[in-house]
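Just below is one structure, and these are the notes that go with it.
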Amino acid sequence: MHFIADLHIHSKYSRATSPGMSPESLWRWAQIKGISVIGTGDFTHPAWLEELQEKLQPLGNGLFSLKDAWRPKDVPASCRSDVFFLLSAEISCIYRKNDRTRKIHSILFAPSFEAAIRLNAALSEIGNLKADGRPILGLDAERLLRIVLDRSPESMLVPAHAWTPHFSIFGAASGFDSIEECFGDLAPHIHAIETGLSSDPAMNWRLSALDRITLISNSDAHSPSKIGREANVLDTGISYPEILDAFRDRKGFAGTIEFFPEEGKYHYDGHRACAVSMTPDETLRHGGLCPVCGKKVTVGVMHRVALLADREAGGRPEGAPPFRSIIPLAEVIAETVQKGVNTKTVNDLYFSLINLLGNEFRILLDTPVPDIQQAGYALIAAAVDKMRAGDVQIAPGYDGEYGRVKILEKLERLSPKGQSPLF
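Positions in the sequence shown are counted from 1; adding 97 to them yields the numbering used here.
Structure, rendered in C-alpha cells:
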C-alpha cells in the first residue's frame with residue numbers, strides 16, 4: 098500500500114511547542130495533510146505517555162488508532178482517511194567524547210507501550226524525563242543505542258536532523274565525521290538517518306559512507322499545521338514491523354518528500370545577529386569570521402556536507418530512492434497573495450482549496466494544474482506548477498533564519514488588466 102508517514106514531531110510537553118499538539122489535533126491535521134502514519138513524539142515524557150495510553154488504542158501490529166471518543170468531527174470531507182500512530186521520541190545527548198563536547202539528537206521508535214515503559218525506566222536513571230518532552234541527558238549516544246538494543250531490540254534509533262550545526266551527528270559545532278566515530282562497534286545498528294530541513298538526499302548522496310543508509314525525512318513539527326513539511330513515502334503494509342523493515346533494507350521505501358534545502362534554517366553559513374549570510378567559499382575567504390563583527394559564523398549544512406563529501410554534486414548512488422521537493426501549501430498561497438502565512442486571508446484560501454480538491458499532499462504533488470485553475474485559483478495553480486518544476490528562487494537560510502521563498506515574479510501576479518488572476 099502506498100502511504101505517507103511523518104514520524105518525528107513533538108508534543109505540547111516539549112519546549113517552544115504549541116499547546117495544540119494533542120493526539121486529537123495530530124489525527125485531524127494528518128488527514129488534512131494526507132499523512133497515514135504520524136509519530137507521537139515525546140513518549141519519554143510521563144504525562145504525555147499517560148495521555149497517549151488514555152487516548153490511543155493498540156492495533157496489535159505496533160501501531161495505534163485514536164479512540165472514537167477523542168476524534169474531532171471537523172475534518173473536511175475531502176480529506177477523511179485512516180490515521181495511525183507510531184510511538185516516537187527524541188533524545189538530546191550532551192557529553193564529552195574524543196576531547197570535544199558532543200550534542201547529538203536521536204529519534205527513537207518503539208513498537209508498544211510496554212517497550213516505551215522499559216526504555217523510560219532505563220533513561221530515568223540517567224536524567225529527568227519530566228523536565229522536557231525532548232529530555233536532555235548526559236549520555237553518550239553510543240550508550241543510548243546500547244540501552245535501546247538491550248531494553249527493546251524491536252525499537253530503532255535514528256540520528257535526528259543529521260546535519261544541523263549544533264545538535265546532530267554530523268553537525269559542524271558538536272558532531273562527528275562518521276557514523277562509526279559516533280557509535281563505535283554499534284554503528285552497524287544504524288540503518289537510517291534523518292536528512293533534516295536544511296539538507297536533502299542529493300546532498301547526502303555525495304558521501305559514499307552513507308550508501309548503505311536509508312535517508313528518511315520528517316517534519317520535526319512543533320505545531321499541528323507544520324506536520325508533513327517533510328515526510329516519507331512507503332509502499333508496504335501499514336504496520337510497525339513493515340515500516341521499520343523498509344528503513345532497514347529499503348524494500349518498500351519509495352522515497353521522501355523534502356523541503357527545498359535552501360529554505361532550511363541552516364543551509365548557508367552566517368551570523369544572524371549581523372544579518373550576514375555566506376557561501377562556504379565566502380566563509381573560507383573570511384577565515385570563518387563574520388565580516389561585520391569578527392565573531393565566528395555558524396557553519397551551515399552545505400559547507401559541512403562539502404567538507405565530508407567524497408563525490409561531486411549531481412550523482413545518484415545505484416538503488417537510492419527518489420525524492421520530491423515541495424513548499425508547504427500555506428507558504429505557496431502566502432507568496433502568491435503577498436500576505437503573511439499566518440493571516441486569515443491565507444488560512445481561508447488554504448481551507449477553501451482543501452475542501453475543493455482534497456488533502457495538501459494531493460494538491461502539491463498530484464492534482465493536475467488545470468484542475469486547480471478550473472477550481473478558480475489560477476495564480477496558485479501557476480505557483481504549484483513552478484514549484485513542481487523546481488523553478489523557485491530562495492534566499493538560503495542561515496544561522497537559525499529560514500530561507501525566503503520567491504515563486505512568482507511581479508508581472509506573473511498581474512493579468513493584462515492589472516488584476517490579480519487568483520480567482
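Think of the CB as a built atom: it goes at the ideal place given N, C-alpha and C, for glycine as much as any other residue.
Worksheet entry | Where S162 falls: helix, strand or coil (DSSP) | On the sequence shown, residue 162 is found 65 positions in, with the first residue counted as 1. Note: S162 maps to strand in three-state DSSP.
Worksheet item: From which residue to which residue does the alpha helix (DSSP H) around A403 run?
Response: If you number the sequence shown from 1, residue 403 lands on position 306. Looking at the DSSP string, the run of the alpha helix (DSSP H) that includes A403 is V398 to L405.
Worksheet item: Nearest CA to the CA of V330: which residue from F420, W167, L220 and E428?
Response: Position 233 of the sequence shown holds residue 330. Per the Cα distances, F420.
Worksheet item: Whose C-beta lies closer than 8 Å to the C-beta of V245 among residues of the same chain, with five residues either side of it excluded?
Response: The sequence position of residue 245 within the sequence shown is 148, counting from 1. In its chain, beyond the 5 residues on either side, L205, L216, S252, M253 and L254 have a beta carbon closer than 8 Å to the beta carbon of V245.
Worksheet item: Closest to I287 by CA distance: which of G349, S275, F357 and S296 is it?
Response: Residue numbering aside, residue 287 sits at position 190 when the sequence shown is read from its first letter. Residue S275 is the option with its Cα nearest to I287.
Item to complete: Just mark S203 as buried or exposed, buried being the case when its beta carbon has 16 or more other beta carbons within 10 Å.
Response: Taking the sequence shown and counting its residues from 1, one reaches residue 203 at position 106. S203 should be labelled buried.
Discussion item. Could you tell me the alpha carbon to alpha carbon distance between A417 and A166, rounded to whole angstroms?
Written reply: Residue mapping note: residue 417 aligns to position 320 of the sequence shown, counting from 1. Residue mapping note: residue 166 aligns to position 69 of the sequence shown, counting from 1. Here the alpha carbons of A166 and A417 stand approximately 42 Å from one another.
Fill in: For E355, the nearest candidate out of L404, Y365 and F458 (CA to CA)
In the sequence shown, the residue the question calls residue 355 occupies position 258. Cα-wise, what sits closest to E355 is F458.
Discussion item. If I follow the unbroken alpha helix (DSSP H) through L246, where does it start and stop?
Written reply: The residue given as residue 246 occupies position 149 in the sequence shown. Element bounds for L246: A238 to R248.
Worksheet item: Out of I101, N301 and I504, which has the shortest C-alpha to C-alpha gap to T47?
Response: No statement about residue 47 is possible, as the shown extent of the chain runs from 98 to 520 and does not include it.
Discussion item. I'd like to know if the stretch 175-183 and the stretch 260-274 are in contact, where contact means that at least 3 CB-CB pairs between them fall below 8 Å.
Written reply: The stretch 175-183 is not in contact with the stretch 260-274.
Worksheet entry | Pair within 7 Å by beta-carbon distance, N456 and G131 | Your numbering for residue 456 matches position 359 in the sequence shown. Your numbering for residue 131 matches position 34 in the sequence shown. Contact flag set, yes.
Fill in: Simplified DSSP assignment, three categories, for Y495
In the sequence shown, counting from the first residue as 1, residue 495 sits at position 398. Y495: strand per DSSP, three-state reduction.
Worksheet item: Mind checking G293: buried by the 16 CB within 10 Å criterion, or exposed?
Response: Taking the first residue of the sequence shown as position 1, residue 293 is located at position 196. Burial call: buried.
Practice prompt. Report the residue from Q470, N444, I423 and I430 whose alpha carbon sits nearest the alpha carbon of G487.
Written response: The residue given as residue 487 occupies position 390 in the sequence shown. Considering only Q470, N444, I423 and I430, the residue with the shortest C-alpha distance to G487 is I423.
Discussion item. Using DSSP's beta-bridge definition, name the partner residues of Y474.
Written reply: To locate residue 474, count along the sequence shown from 1; it is residue 377. The bridge partners DSSP lists for Y474 come to none.
Item to complete: Mind checking who A318 pairs with in its DSSP beta bridge?
Response: As a first step, residue 318 is located in the sequence shown; it is residue number 221 there, counting from the start. Within the DSSP bridge table, the entry for A318 names I106 as partners.
Practice prompt. Within the stretch 133-212, note down every full alpha helix (DSSP H) run reaching 4 residues or more, in order along the chain.
Written response: Listed in chain order, the complete alpha helix (DSSP H) runs (minimum 4 residues) inside the stretch 133-212 are 143-152.
Practice prompt. Closer than 6 Å by C-beta to G361: which residues in its own chain qualify, once you throw out the five before and the five after it? Chain order, please.
Written response: Position 264 of the sequence shown, counted from the first residue, corresponds to residue 361. Cβ contact annotation for G361 (same chain, cutoff 6 Å, sequence separation greater than five): L294, S295 and G494, in chain order.
Item to complete: With DSSP as the reference, label C375 as helix, strand or coil.
Response: What you label residue 375 is simply residue 278 of the sequence shown in a count that begins at 1. Reading off the sequence, residue 375 comes out as Met, not Cys. It is a strand residue.
Discussion item. So, at 7 Å on beta carbons, what are the nonlocal neighbours of E428 in its own chain, with the 5 sequence-adjacent residues on each side left out?
Written reply: Start at 1 with the first residue of the sequence shown, and residue 428 comes out as number 331. Excluding residues within five positions, the ones whose Cβ falls inside 7 Å are V438 and V502.
Discussion item. For C390, count the other beta carbons within 10 Å of its own beta carbon; 16 or more makes it buried, fewer makes it exposed. Which is it?
Written reply: If you number the sequence shown from 1, residue 390 lands on position 293. Exposed.
Worksheet item: Among A410, G117, T442 and F161, which residue has its Cα nearest to the Cα of Y72?
Response: Outside the displayed span of the chain (98 to 520) sits residue 72, for which this structure offers no information.
Worksheet item: According to the Cβ coordinates, are Q470 and A478 closer than 7 Å?
Response: Here residue 470 refers to the residue found at position 373 of the sequence shown. Here residue 478 refers to the residue found at position 381 of the sequence shown. Less than 7 Å divides the Cβ of Q470 from the Cβ of A478.
Worksheet item: For D139 versus S111, is the C-beta distance shorter than 7 Å?
Response: Working through the sequence shown from its first residue, we reach residue 139 at position 42. Working through the sequence shown from its first residue, we reach residue 111 at position 14. Yes, these two residues count as a Cβ contact at 7 Å.
Discussion item. Can you give me the C-alpha to C-alpha distance between A102 and P169, rounded to a whole angstrom?
Written reply: Here residue 102 is taken as the residue at index 5 of the sequence shown, counted from 1. Here residue 169 is taken as the residue at index 72 of the sequence shown, counted from 1. Near 21 Å, if we compare the C-alpha coordinates of P169 and A102.
Item to complete: Could you spell out where the beta strand (DSSP E) holding S422 opens and where it closes?
Response: Position 325 of the sequence shown holds residue 422. Start and end: F420 to I423.
Worksheet item: Using the beta-carbon count (16 or more within 10 Å), is L220 buried or exposed?
Response: Mapped onto the sequence shown, residue 220 falls at position 123. Flag for L220 reads buried.
Practice prompt. Give a yes or no on whether the C-beta atoms belonging to I430 and L446 are separated by under 7 Å.
Written response: The residue you call residue 430 lines up with position 333 of the sequence shown. The residue you call residue 446 lines up with position 349 of the sequence shown. Cβ atoms of I430 and L446: closer than 7 Å.
Discussion item. Whole angstroms are fine: how far does the CA of L307 sit from the CA of P262?
Written reply: Taking the sequence shown and counting its residues from 1, the one referred to as residue 262 is at position 165. Taking the sequence shown and counting its residues from 1, the one referred to as residue 307 is at position 210. The straight-line gap separating the alpha-carbon atoms of P262 and L307 is approximately 19 Å.
Fill in: Under the three-state DSSP convention, the category A127 falls into
The residue you call residue 127 lines up with position 30 of the sequence shown. Look at A127 here: in three-state DSSP terms it is helix.
Worksheet item: Are there 16 or more other CB atoms within 10 angstroms of the CB of A228, so buried, or fewer, so exposed?
Response: Locating residue 228 in the sequence shown gives position 131, where the first residue counts as 1. Residue burial annotation: A228 is exposed, with fewer than 16 other C-beta atoms found within 10 angstroms of its C-beta.
Discussion item. Can you give me the C-alpha to C-alpha distance between Y474 and F280, rounded to a whole angstrom?
Written reply: The count along the sequence shown starts at 1 and reaches residue 474 at position 377. The count along the sequence shown starts at 1 and reaches residue 280 at position 183. The alpha-carbon atoms of Y474 and F280 are separated by roughly 51 Å.
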